[in-house]
Amino acid sequence: MLRPTAETEATVSGHDWSIDSIVHALPSSDLRQQALRDIHLAPVGQLEQVIARWQAVAARWVQVEQPRIEEARAQYDATGGLPAEHEETAESADRFDAWRLQMQQLRQQQRGAA
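Quick note on numbering: numbering that gives the first Met the number 0 labels position 76 of the sequence shown as 75, and the sequence is numbered without any gaps.
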């Protein structure tokens with residue numbers, strides 16, 4: 000049985016988490032497809048852990064990331080600019096480029112393993 004944690008105990012729209020609500024809470028189609036793949040292909044003995052991991056990702060998005068983005072969007076709409084912590088810097092651009100390269104390498108590894 001899934002054991003909720005403080006982070007994953009939250010509900011989406013007042014309903015208990017389900018695989019459907021977990022997947023629909025994710026912010027991109029790529030993440031939704033990856034979650035469905037991971038859940039669908041998980042060995043039965045690991046299914047609970049896989050679902051719990053994706054539930055935590057969805058909960059973090061709903062509780063933390065989405066509100067931050069909405070706040071930044073509202074400030075941009077009101078002022079025409081983003082909060083300072085969202086402005087691109089040379090360091091943030093370098094980190095993003097490194098992250099993008101890492102994600103491309105992981106996708107290539109996953110394709111090779113499939």
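By construction, the Cβ of each residue, glycine as well, lies at the ideal position given by its N, Cα and C atoms.
Under the three-state DSSP convention, the category residue i falls into
i	result
Leu105	helix
Thr78	helix
Pro42	coil
Leu66	The displayed chain sequence assigns Pro, not Leu, to residue 66. DSSP places Pro66 in helix when its eight states are reduced to three.
Ser17	coil
Ser28	helix
Glu84	helix
For residue j and residue i, the rounded distance between their alpha carbons
i	j	result
Tyr75	His85	11 Å
Glu47	Ala112	23 Å
Val63	Ala57	10 Å
Arg72	Thr88	19 Å
Gln45	Leu25	21 Å
Trp60	Arg67	10 Å
Pro42	His23	23 Å
Ser31	Gly80	Note on identity: in this sequence residue 31 is Arg, with Ser being the wrong assignment. Rounded to whole angstroms, Arg31 to Gly80 spans 30 Å at the Cα level.
Arg94	Gln104	15 Å
Ala92	Arg106	21 Å
Ser28	Thr78	30 Å
Ile18	Gln65	19 Å
Buried or exposed (CB count within 10 angstroms, at least 16 for buried), residue i
i	result
Leu100	exposed
Gln54	buried
Ile50	buried
Ala83	exposed
Trp16	buried
Ala97	exposed
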